[in-house]
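In our numbering, the protein residues as written are 2 to 169.
Below is one structure, written out as structure tokens, with a few remarks after it.
What follows is the structure in structure tokens.
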């Protein structure tokens, strides 16, 4: 299965800028891709409502999304929408702050290289490349760069050893 991915480190404000730019070009919305308690889509159409450490599916206003029931081992069900259900979608993992002085990475990507999915992916990837600085394999937002320069950890996971942190 072909895929395209752009990894990044970004603060909430860094990502809001990317979303504003993308929403100025296309009528996109973000759909929460997590496990939900109710069979109701959680849609974000205002960049400021974006949450850190979440995964969203990028869709165009009016796109239909289908939720799947996910039975739980301890009984009951949760509901989810998944990028694999719609090959035109792009997934946005926001990354974000973990504690006061540690930033975790995010990424934007698509699973299948079809024209509409690639167009949506490229909108985000180009915006990130334009607004962010490339450091190693990552694109790093302006506030995230300032955090790095001030000694914050830009780490792979919350428990990663310091030797794996992003450095200049």
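Glycine included, each C-beta is placed from N, C-alpha and C at the ideal position.
Quiz item: Short check: CB of residue 90 to CB of residue 58, under 7 Å?
Solution: Yes. Within cutoff.
Practice problem: Decide if residue 54 is buried, meaning its Cβ has at least 16 other Cβ atoms within 10 Å, or exposed. | Solution: Residue 54 counts as exposed, since fewer than 16 other beta carbons sit within 10 angstroms of its beta carbon.
Quiz item: Could you give the uninterrupted runs of the beta strand (DSSP E) lying entirely in the segment 35-85, keeping only those of 3 residues or more?
Solution: As far as the segment 35-85 is concerned, its whole beta strand (DSSP E) runs of at least 3 residues are 56-61, 69-72 and 78-81.
Self-check item: Identity of the residue in 168, 133 and 153 nearest residue 108 by Cα
Solution: Cα-wise, what sits closest to residue 108 is 133.
Quiz prompt | Those runs of the alpha helix (DSSP H) which lie wholly inside the segment 79-149 and span at least 4 residues | solution = Runs found: 116-132.
Quiz item: What are the boundary residues of the beta strand (DSSP E) that includes residue 164?
Solution: From DSSP, residue 164 is part of no beta strand (DSSP E); its letter is neither H nor E.
Quiz item: Excluding the five sequence neighbours on either side, which residues of its own chain have a C-beta within less than 8 Å of the C-beta of residue 81, listed in chain order?
Solution: Beyond the five residues adjoining it in sequence on each side, residue 81 comes within less than 8 Å, by CB distance, of 34, 35, 36, 37, 68, 69 and 71 in the same chain, given in chain order.
Quiz item: Hey, would you say residue 6 sits closer than 7 Å to residue 32, going by beta carbons?
Solution: Not in contact: residue 6 and residue 32 (Cβ atoms no closer than 7 Å).
Quiz prompt | residue 21, DSSP secondary structure in three states | solution = Of the three classes helix, strand and coil, the one that applies to residue 21 here is helix, per DSSP.
Exercise. Compute the beta-carbon to beta-carbon distance between residue 12 and residue 51, rounded to the nearest angstrom, for a pair I have assumed lies under 8 Å.
Key: Residue 51 and residue 12 do not touch by the CB rule: their CB atoms are close to 11 Å apart, not below 8 Å.
Exercise. Would you kindly check if the distance between the Cβ of residue 10 and the Cβ of residue 104 is under 7 Å?
Key: The answer is yes: Cβ separation under 7 Å.
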